[in-house]
Amino acid sequence: MIAIVDLGIGNFASVEKALEGRITMSPEVLDRADKIVLPGVGNFGEVVEQLRPMRKTILRKISSGTPLLGICLGMQLLFPESSEGEGEGLSVLQGQVSDLPADASPHIGWNQVFPKEGNTLLEDIEPGSFFYFTHSYYVNPENEAIITGRTEYESNDQVGAFPATVRRENVFGVQFHPEKSSANGQRVLKKFKQL
Amino acid sequence: MLAKRIIAALDIKEGRVVKGIQFKKLRDAGDPVELAKEYEVAGIDELVFLDITASREDRKILLDLVKQVSREVFIPFTVGGGIKTVEGVRQLARNGADKVFMNTAAVDDPDLVRKSAEVLGRANLVVAIDGKKTEEGWEVYTHGGTRPRSISVVSWAQRVEGLGAGEILLTSMDTDGTKGGFDLELTSSVAGAIDIPVIASGGAGQPDHFLDAFRSGASAGLAASIFHYGEYDISEVKKYLTNRGINVRQ
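Protein chains in written order, with our numbering: chain R, 169 to 363; chain P, 702 to 951.
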């Protein structure tokens, strides 16, 4: 069973449908899950509060090897803190969650993802394929080796890049919304399902 | 690099699409879910649902629809129309709307923009502005374009950006329905005054209108009838834009 963590705001019917998962706030259900998805809509500070009752269970599941996929804010929650708001993230990955430059924020729309070789979830995806993003913050991992894919953006006529996907062992994060990225996104979710 | 977006708008009344849609393959052209799915396959980048249901008691019908779309359609969609409270915003998000837009309520109570942005995350709140040209510039209209508000469109856009709006859905009442092209002057005035994305709306009639809007600073172009009635395929518009150096999703 794939458990989709319910964070109060937002609706994850599209993730639920694509993964045939189960939306839950219950630590007991999470405990029984074979895989966990941490979706993300909302504000870092608010969502951290929603997560609190499930925090211990999620951390235990991660350390016991259960595959976890953080989507958008769900990926940012894997880090210790965010410039978006107060509150303690899961600290499963180390680094910062920072603001995109003002003229590139919010970063809304379809952008291209360039996966590195060996990116498990994006194995079937052509480099430069489009995925849907909607965010104002991005992750900046301490260990660059966990960055498995990048996306470029323009700010002050310069090209910048942020991590589009990260992975450390059984923990996966995607900054885009696979559940909103039409056929490409479905492919990524299917890969996660088949892990 | 971030692509320019082509967005289709659907007017919804009591859970049904109201403008006559003429997609050939549809069994039921009034069914928003079926139409949205068709649009996804056709390559639209995003959908906007405008609820024009007069009675607020019918809110549940809209929420059910939103829920159904979120289960069946795998591209982003924005919902708005008649939202007056943070609770209303929360309900739409809770039922599956990726983004929520507000228009009249934002003008009546600007603090609602700030509060809603806090709930949704800034990137997911859209403020819709209907503007009409006057001698001094453009004036904001509310209540479905029936009520002038003596506010300048450009300064209102700047204000809502400061309050936390993530995008502006900018409709020109002067070009809306004309099919003569987007209001480029209005689009560039607003896009030049703010950092957040501007969705140009009103007047799309052919592919080069999107090109002009993007060159005027729009991040997205919204249209209804030219796609609904099958006058142009979305892929045709995108091909036209790609050939002219505009980055669009293929």
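Heads up, the beta-carbon is just placed ideally off N, CA and C, and yes, glycines get one too.
Of all residues in the segment 925-947 of chain P, none comes within less than 9 Å of chain R when Cβ atoms are compared. The segment 911-926 of chain P makes contact with the segment 886-897 of chain P: 3 or more CB pairs, one atom from each, lie closer than 8 Å.
If you look at P/L764, you'll find it in the alpha helix (DSSP H) that goes R760 to E773. With a 10 Å radius around the Cβ and a threshold of 16 neighbouring Cβ atoms, R/I172 comes out buried.
According to the DSSP assignment, R/N279 belongs to the beta strand (DSSP E) that extends over H275 to P283.
Setting aside the 5 residues that flank it on each side, P/K768 is surrounded in the same chain by N796 and G797, each with a C-beta closer than 7 Å to its C-beta; the list follows chain order. Straight across, the Cα-Cα distance linking R/P207 with P/A829 is about 27 Å. Counting the other Cβ atoms within 10 Å of the Cβ of R/Q343 gives 16 or more, which makes it buried.
The shortest CA-to-CA distance from P/W857 to any of P/T805, P/G845, P/D884 and P/S817 is the one to P/T805. Unbroken beta strand (DSSP E) runs of no fewer than 3 residues, entirely contained in the segment 231-318 of chain R, are found at 236-239, 263-267, 275-283, 297-303 and 305-309, following chain order. At a cut-off of 8 Å between C-beta atoms, P/I776 counts as an interface residue with respect to chain R.
Taking C-beta atoms as the reference points, R/F330 and R/L289 fail to come closer than 8 Å. Contact with chain P is absent for R/P295, since none of that chain's Cβ atoms lies less than 8 Å from the residue's Cβ.
Put simply, the CB of P/E741 is near chain R, with a gap under 8 Å to one of its CB atoms. Inside the segment 789-844 of chain P, DSSP marks whole beta strand (DSSP E) runs of 3 or more residues at positions 800-803, 826-835 and 838-843, from first to last along the chain. Straight-line spacing of the CA atoms in R/E188 and R/A181 works out to 10 Å. For R/I204 and P/D765, the gap between their C-alpha atoms comes out near 27 Å.
Taking 9 Å as the upper bound on Cβ-Cβ separation, chain P lies near residues A270, D271, A272, S273, P274, H275, I276, G277, W278, N279 and Q280 of the segment 265-282 of chain R. Taking C-beta atoms as the reference points, P/E840 and P/G832 count as a pair closer than 8 Å. For the segment 193-219 of chain R, residues whose beta-carbon sits nearer than 8 Å to a beta-carbon of chain P comprise V209, G210, N211 and E214.
Under DSSP, no beta-bridge partner is assigned to P/L703. When the five nearest sequence neighbours on each side are left out, the beta carbons in the same chain lying within less than 6 Å of the beta carbon of R/N279 are those of F301 and T319, in order along the chain. Residue pairing of R/Y321 in beta bridges, as defined by DSSP: R/G328. Under the Cβ distance rule, R/I239 does not count among the residues neighbouring chain P, no pair being separated by less than 8 Å. R/F330 does not reach chain P, its nearest Cβ partner there being about 12 Å away, counting only Cβ pairs nearer than 8 Å. Residues of chain P with a Cβ closer than 8 Å to the Cβ of R/A171 do not exist; the shortest Cβ-Cβ separation is about 18 Å. Per the coordinates, the alpha-carbon of P/V808 lies some 8 Å from the alpha-carbon of P/T843. Interface with chain R (8 Å Cβ-Cβ cutoff): P/D799 is included.
Interface criterion not met: the Cβ of P/A710 is under 8 Å from no Cβ in chain R. Every unbroken stretch of the alpha helix (DSSP H) spanning 4 or more residues and falling wholly within the segment 862-900 of chain P is given here in chain order: 885-894. For P/S817, the closest Cβ of chain R is not nearer than 8 Å. Within the same chain, and ignoring the five residues on either side of R/I191 in sequence, the residues whose Cβ sits closer than 6 Å to its Cβ are I172, D174, F180 and E184.
Against chain R, the CB of P/I852 has no partner CB under 8 Å away; the residue lies outside that interface.
Secondary structure note for P/R850: its beta strand (DSSP E) is the uninterrupted segment R848 to S853.
In this structure the segment 851-869 of chain P touches the segment 815-829 of chain P; the number of beta carbon pairs closer than 8 Å is three or more.
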